[in-house]
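Below: the structure, in structure tokens.
There are 2 protein chains.
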Amino acid sequence: MARNTSVAADTNAPPVTRTLARFVATHPSRGWSEAVEHEAHRTFLNWTGCAVGAATHEAMRAALAAVQMLEPAAQATVLGRSERVDMAGAALLNGISSHTFDFDDTHLKTIIHPAGPVASAALALAEHLGASGRTLVDALVLGIDVACRMGNVIYPEHYDRGWHITGSTGMLGAAAACARLLGLDEQKTAMALGIAASQPVGLREQFGTMTKPFHPGAAARAGLLSALLAKNGFTASARALEAPRGFAQVVSTRCAWNEASDELGQRFEISFNTYKPFACGIVIHPSIDACVQLRAQGVQAGDVERIELKVHSLVLELTGKKEPADGLQGKFSVYHGCAAGLIFGRAGEPEYADDIVNRPDVVALRRKVVATVDDGIDEAAADVTAVLRDGRRVHIFVEHAIGSLERPMSDAALEAKFTAQAAPVLGAGRSAELIAACRRLGAIGNVRELTTLSRP
Amino acid sequence: MARNTSVAADTNAPPVTRTLARFVATHPSRGWSEAVEHEAHRTFLNWTGCAVGAATHEAMRAALAAVQMLEPAAQATVLGRSERVDMAGAALLNGISSHTFDFDDTHLKTIIHPAGPVASAALALAEHLGASGRTLVDALVLGIDVACRMGNVIYPEHYDRGWHITGSTGMLGAAAACARLLGLDEQKTAMALGIAASQPVGLREQFGTMTKPFHPGAAARAGLLSALLAKNGFTASARALEAPRGFAQVVSTRCAWNEASDELGQRFEISFNTYKPFACGIVIHPSIDACVQLRAQGVQAGDVERIELKVHSLVLELTGKKEPADGLQGKFSVYHGCAAGLIFGRAGEPEYADDIVNRPDVVALRRKVVATVDDGIDEAAADVTAVLRDGRRVHIFVEHAIGSLERPMSDAALEAKFTAQAAPVLGAGRSAELIAACRRLGAIGNVRELTTLSRP
């Protein structure tokens, strides 16, 4: 029975679905600057390293076992593993692995991790199709643009309400990327976006469980299937994104429609993608960065009397755990982060292993960290002074941490991050070959040349 | 970066996820009345007939073609077709077909169509496992209870906001049913519900497109995969349904938690399931019902001078199309509905074919229907008088249409509905065999005995 509704709706929204569909279907290949093209390659490299690095994680074992109950065809590669599964399964699994360590990319304006859903879907499809690297890069740039622009439309209300925005916009980016790879026209691309619009994935309540990384994986799979359906003539509303009872208005009370179309085809959201140098929450990054810089200036753990750390109150509120008992707790300890930065000069996943967090020298150093709150210091900054046994004081102020938009990771640093993740899984030689393939992705004739290198 | 949020949240919700998980994992087989057991069989019969009846629809052709691009293993039956696909694909496809004609079951309190997501997932899994019919009926009753109870928690705000509630609660019912079939314990069942909670499917904007029936299909697939993941050790929040950033509070501002647990295990929501006798919106049903009754009283179309129809204003607002041009428009025409009821004594999918809607005698009769608004008549009622050429007046007042909770379809009527849908696809003999199998589902040793009969 029809009901009147008390939920407000905007009946005058612009044609967002059609606008984005036309863009995805018709924007020229490589129709962007060298900087955008380069960022796409950095995004792909970083995503591949994260996926390979988590390939043997318990979450992947469980998810792969579930997918194998479907007896999938061997269509596409599970990065970092010898098993091959169907495209939908590969999209799911690579989406899970790439987000398992929370170490992937971040579109800071929306805190979307865009490569997870988009690259996972696009690579699986591209591999099965035997598509060129050029086609894949195009799909990646356009798909990430769609996901992040729709994120811009609905952020922050959508996120505040409790959606894990990576999976609840990612299916749109994945659908867009796959529609592009399949060469769908504007109308069918609109249908792909429309079908995907009905399938947002992800609740913030899942943070801390395997279902968090499941979100980009499920979004990748949903987007891929949406594009396959559209290719075969399946229909959806051509106003699925913007209609009163369509995606944006159902999942958010804020709908800044202009964000979908402003400078479309000129400004690319992938330009604002960032990569985490450290395998923990971003709020600790400035403090770790400062300690890595202390080490680079010759400060050694054995010489340290104490480390004076001044940070915004939010840092201690979120990561003030003084005595972390294991690696997971270590991720919520700015004290451990500082110790790892000074002792190892990095804080990747290995520096968050249980035995590292409990190693005597690491424990001793983190206990020398004296943190004080200073709300005159920005959340994104840190003020660190090492007071040495000989009385010397070495001071580092980090205004923007490495990995921020203001101080992006260098290509070399991204490659080092990749190697740290991939070499233990693939071996050093194969890891280096895979880096090289990711670097020249846009020039590869068939992406299977790359995926072959990702198997141990 | 962490953000403060302005979105209100209830931090004191009861443990809904665990409560429902314990219920699903531990409630005794057939732990309900004969009436509930019988309703489960009626629900399954009605759902099977709808799925078989739409097996050759264009939406199914497109969806099957998409699924076949994944080269699925032949694990489970697509009802009414010769193709077999993997369990996930079968859950998707049977969910689509069963809702394609909008002719399936309705839990009137929430307007959820519960069998679509739940039976589609459960049958696909049960067939692959070679499970007994008893196990399948248990899974169906418990899964529908979970979906409809969660619907009761969030309806109507959730629906008013724009969610197609069948797919946005159905994944929970599907996960529950599959968890039960897999024999998962309480903890793993909670994980299955938790994983599913992140995957609500469906926007009302999609009504009128193939994506509407996609919603129960995608929900079925999501629930099935959630159970497979949980079986293999994948984790989710054990408060995924009720937490401040969990399912119910993210998708609705109304959360009547007691609806999840009141009389749990004593009152079964499948008891309140209803079945459509006519293949159109429920608001027209009383008028059609009245015309079918006129026919049964001997009124013939050729004798009719005019039909005086008095209905609530909502009926004409939603279905006041006087001159429908095709079958789809016919579904929004109370005038065509009356004509079909009087001429054919039924209004199934064949009576909404384009050529029937345009047949001269049908057109002539619908033009004799004079509808007037009378808001003294309930939305669920209709007052119809046939004025005959000889001056006689035959009056029928329908307080509750056939198919309502107050006047449920008889078992014989459900079988006739099944035959009208399935016989053209399977042939009359096979259709009758399939009815018999559905009738004795709870006693079947291996559900493959039933699915075999559903292939043409």
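Respectively, the protein sequence lines represent chains A and R. Per this note's numbering, the very first residue in the first sequence carries number 189; after that it's consecutive. Per this note's numbering, the very first residue in the second sequence carries number 189; after that it's consecutive. In this text, a Cβ means the ideal position worked out from N, Cα and C, and glycines have one as well.
Cβ of residue i within 9 Å of any chain R Cβ
{"i": "A/A190", "result": "Caution applies to A/A190, whose pLDDT of 41 falls short of 50 and renders its modelled position unreliable; the value that the coordinates give is listed next. By this cut-off, A/A190 is an interface position."}
{"i": "A/G350", "result": "yes"}
{"i": "A/T193", "result": "Confidence at A/T193 is low in this model, with a pLDDT of 49, below 50, so the placement of that residue is unreliable and no value is reported for it."}
{"i": "A/H645", "result": "The structure shown does not extend to residue 645 of chain A, since chain A is modelled only from 189 to 644, so the question has no answer here."}
{"i": "A/N200", "result": "no"}
{"i": "A/D608", "result": "Note that residue 608 of chain A is Ala in the sequence shown, not Asp. Closer than 9 Å: no."}
{"i": "A/F456", "result": "no"}
{"i": "A/G434", "result": "yes"}
{"i": "A/A197", "result": "yes"}
{"i": "A/R249", "result": "yes"}
{"i": "A/E393", "result": "yes"}
{"i": "A/E493", "result": "no"}
{"i": "A/T397", "result": "yes"}
{"i": "A/D274", "result": "yes"}
{"i": "A/E246", "result": "yes"}
{"i": "A/K151", "result": "Shown here, chain A extends from 189 to 644; a query on residue 151 of chain A therefore has no answer."}
Residue i - DSSP class collapsed to helix/strand/coil
{"i": "R/N461", "result": "strand"}
{"i": "A/G508", "result": "strand"}
{"i": "R/I565", "result": "coil"}
{"i": "A/A631", "result": "helix"}
{"i": "A/W235", "result": "helix"}
{"i": "R/A190", "result": "In this prediction, R/A190 scores a pLDDT of 42, lower than 50, which makes its location untrustworthy; the coordinate-derived value is nonetheless stated afterwards. In the structure shown, R/A190 sits in coil (DSSP, three-state: anything other than H, G, I, E or B)."}
{"i": "R/G243", "result": "Before going further, note that residue 243 of chain R is Ala rather than Gly in the sequence given. The answer is coil: DSSP assigns R/A243 none of H, G, I, E or B."}
{"i": "R/R577", "result": "coil"}
{"i": "A/A513", "result": "coil"}
{"i": "R/A254", "result": "helix"}
{"i": "A/E271", "result": "coil"}
CB of residue i within 9 Å of CB of residue j, strictly
{"i": "A/I483", "j": "A/I544", "result": "One point to set straight first is that residue 483 of chain A is Arg, not Ile, in the sequence displayed. The answer is no: Cβ separation not under 9 Å."}
{"i": "R/R427", "j": "R/I342", "result": "no"}
{"i": "A/T236", "j": "A/A610", "result": "yes"}
{"i": "R/L497", "j": "R/V586", "result": "no"}
{"i": "R/I472", "j": "R/P302", "result": "no"}
{"i": "R/V487", "j": "R/V582", "result": "yes"}
{"i": "R/A254", "j": "A/L311", "result": "no"}
{"i": "A/L313", "j": "A/C238", "result": "no"}
{"i": "R/T640", "j": "R/L267", "result": "no"}
{"i": "A/L280", "j": "A/G361", "result": "no"}
{"i": "A/L328", "j": "A/E603", "result": "no"}
{"i": "A/S285", "j": "A/P401", "result": "yes"}
{"i": "R/V575", "j": "R/C479", "result": "no"}
{"i": "A/A431", "j": "A/A201", "result": "yes"}
{"i": "R/N634", "j": "R/G318", "result": "yes"}
{"i": "A/G434", "j": "A/T607", "result": "no"}
Buried versus exposed call for residue i [16 or more other C-beta atoms within 10 Å across all chains shown]
{"i": "R/G411", "result": "buried"}
{"i": "R/D566", "result": "exposed"}
{"i": "R/P260", "result": "buried"}
{"i": "R/G382", "result": "buried"}
{"i": "R/D293", "result": "buried"}
{"i": "R/D333", "result": "buried"}
{"i": "R/T423", "result": "buried"}
{"i": "R/Q485", "result": "exposed"}
{"i": "A/A535", "result": "buried"}
Any chain A beta carbon closer than 9 Å to residue i
{"i": "R/T423", "result": "yes"}
{"i": "R/T236", "result": "no"}
{"i": "R/F402", "result": "yes"}
{"i": "R/G382", "result": "yes"}
{"i": "R/Q263", "result": "yes"}
{"i": "R/P388", "result": "yes"}
{"i": "R/E259", "result": "yes"}
Supposed close pair residue i, residue j - CB separation, criterion 8 Å
{"i": "R/A380", "j": "R/A363", "result": "5 Å"}
{"i": "A/P465", "j": "A/I590", "result": "5 Å"}
{"i": "A/T244", "j": "A/G304", "result": "Wrong, their Cβ atoms sit about 18 Å apart, outside the cutoff."}
{"i": "R/S425", "j": "A/T397", "result": "5 Å"}
{"i": "A/V439", "j": "R/S386", "result": "Incorrect: roughly 13 Å between the Cβ atoms, too far for contact."}
{"i": "A/T323", "j": "A/M338", "result": "Actually they do not touch by this definition, with Cβ atoms about 23 Å apart."}
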